[in-house]
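**Student:** Structure provided below as structure tokens; questions to follow.
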Amino acid sequence: MPDAGPRADRSPAAAAGGGSAATLAVGIAGLGNIGLDVARWLLAHAPAGLRLAAAGGRDPAAVAERLVSLGARARAVALPELIEHCDVLVDCLSPEASADLLDACVERGKTIVPVSVCVLLLNPGLLERAKRSGTRVIVPSGAVAGLDALRAAAIGELRAVRVKTSKPPAGLDGQAAAGPQQLFAGNALDACRAWPRNVNIAATLALAGLGGERTEVQIWGDPALARNVHEIEIDSDATSIRIRIENRPSAANPRSSALTAQSVCEVLRGLVEPVRVGT
0 MPDAGPRADR SPAAAAGGGS AATLAVGIAG LGNIGLDVAR WLLAHAPAGL
50 RLAAAGGRDP AAVAERLVSL GARARAVALP ELIEHCDVLV DCLSPEASAD
100 LLDACVERGK TIVPVSVCVL LLNPGLLERA KRSGTRVIVP SGAVAGLDAL
150 RAAAIGELRA VRVKTSKPPA GLDGQAAAGP QQLFAGNALD ACRAWPRNVN
200 IAATLALAGL GGERTEVQIW GDPALARNVH EIEIDSDATS IRIRIENRPS
250 AANPRSSALT AQSVCEVLRG LVEPVRVGT
């Protein structure tokens, strides 16, 4: 199961995998919509103990321009070099670009905060290597509500986890229909294979609960929707939960929720703040 916060017997800096006890150096891979939002938050609102140290991308010159536009003094580097400049890596790359960088982070013991959660579900060996090496992988809640209750329910007998994701056509690669149309029905593992940019919620639920093969997923396209809608059902020996989430799509990337970047920022804040509310 993904980690959820610093271990109580370690300082925040030590728990994150390096750095001094005073400051954690944060690196961001990919300064697209989510990466830029995280960078802005670090520059304007980060608590003591966090700093934006570097950002990386396939085109370091373009990354440098974006950092300058933010007024940031962080380094702009190529992706393979980014690990050298950070204790905590926020991976905002596309699913196709993430796997190699995450492998390198595991080898170096860097704390990882991945946005493309489907990559973890599709590469179980990566998580196994992280566990063996002690590398922390902290999956942000993203657009998921109720993740703390799901993790608690998984301590007992977790019987079923289901999610129905409905998005406007712009959030599903422009696939349009006259009315609501089911585009996928199956398990989370197959959903990640078919829709790796659209079902991070399903991947997160699977990692926290029953795994990729037992988490049930439906994907719907609905031209009448203005928001991304997720309906989650959790059944266990301790609880039955029904949640409906209506997230505003990101203006720059309709496939993603505007809440995703805020969730990443909350993960980073949790690395250095001593009081944590929720599981």
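Okay, so the sequence shown: first residue is 0 according to numbering that gives the first Met the number 0, each after it adds one. For every residue, glycine included, the Cβ atom is placed at its ideal position computed from N, Cα and C. Since this is a predicted model, take the numbers as computed values, not measurements.
Could you tell me the alpha carbon to alpha carbon distance between GLU265 and VAL112, rounded to whole angstroms?
**Tutor:** Across the structure, GLU265 and VAL112 are spaced so that their CA atoms are roughly 11 Å apart.
**Student:** Is the beta carbon of ILE218 sitting closer than 9 Å to the one on ALA251?
**Tutor:** no
**Student:** Taking just the CA atoms, how far does LEU92 sit from ASP193?
**Tutor:** Residue identity differs from the one stated: residue 193 is Ala in this sequence, not Asp. In a straight line, the C-alpha of ALA193 is about 18 Å away from that of LEU92.
**Student:** Please go through the same chain and pick out, in chain order, the residues whose beta-carbon is closer than 7 Å to the beta-carbon of THR259, but skip the five residues on each side of it.
**Tutor:** ILE33, VAL114, GLY141, ALA142
**Student:** Comparing the C-beta of ASP102 with each C-beta of chain D, is any distance below 9 Å?
**Tutor:** The question asks about chain D, but that chain is absent: this structure has only one protein chain.
**Student:** What separation, rounded to the nearest whole angstrom, lies between the Cα atoms of VAL160 and ARG243?
**Tutor:** 14 Å
**Student:** With a cut-off of 8 Å, do at least 3 Cβ pairs link the segment 96-112 to the segment 63-75?
**Tutor:** no
**Student:** Mapping the DSSP letters down to three states, classify ILE33 as helix, strand or coil.
**Tutor:** helix
**Student:** Kindly confirm or deny that the segment 192-209 and the segment 125-142 touch, where touching means at least three C-beta pairs closer than 8 Å.
**Tutor:** yes
**Student:** How big is the Cα-Cα spacing for ALA144 and VAL162?
**Tutor:** 12 Å
**Student:** Return helix, strand or coil for LEU209, following the three-state DSSP convention.
**Tutor:** Three-state DSSP puts LEU209 in coil, outside helix and strand.
**Student:** Taking the beta carbon of SER97 as the centre, do at least 16 other beta carbons fall within 10 Å, making it buried, or is it exposed?
**Tutor:** So SER97 counts as buried.
**Student:** According to DSSP, is THR110 part of a helix, a strand, or is it coil?
**Tutor:** strand
**Student:** Going by the DSSP bridge assignment, what does LEU284 pair with across the sheet?
**Tutor:** Beyond the ends of the chain as shown, which are 0 and 278, falls residue 284; an answer cannot be given.
**Student:** What are the start and end residues of the alpha helix (DSSP H) that includes LEU69?
**Tutor:** 59-69
**Student:** Using the Cβ count rule (16 or more neighbours within 10 Å means buried), how would you classify ASP58?
**Tutor:** exposed
**Student:** Below 8 Å on the Cβ atoms is my contact criterion, and I expect ASP86 with THR110 to pass it. Report the Cβ-Cβ distance as a whole number of Å.
**Tutor:** 6 Å
**Student:** Name the residue from ALA237, ILE27, ASN246, LEU23 whose alpha carbon lies nearest to the alpha carbon of GLU230.
**Tutor:** ASN246
**Student:** Report all residues from its chain with a CB closer than 6 Å to the CB of PRO179; omit the five preceding and five following residues, and keep chain order.
**Tutor:** TRP219, ASP221
**Student:** Can you give the beta carbon distance from VAL116 to ASN199, rounded, assuming they're within the 8 Å contact cut?
**Tutor:** 4 Å
**Student:** Of the choices SER262, GLY29, PRO167, VAL25, whose alpha-carbon is the least far from that of PRO94?
**Tutor:** GLY29
**Student:** Just how far apart, CA to CA, sit ALA166 and THR214?
**Tutor:** In the sequence as displayed, the identity of residue 166 is Lys instead of Ala. Roughly 19 Å separates the two Cα atoms.
**Student:** Can you tell me whether ILE242 sits near the ligand PLP, meaning its C-beta is under 8 Å from at least one heavy atom of the ligand?
**Tutor:** Questions concerning the ligand PLP fall outside what the structure shown contains, since it holds no ligand whatsoever.
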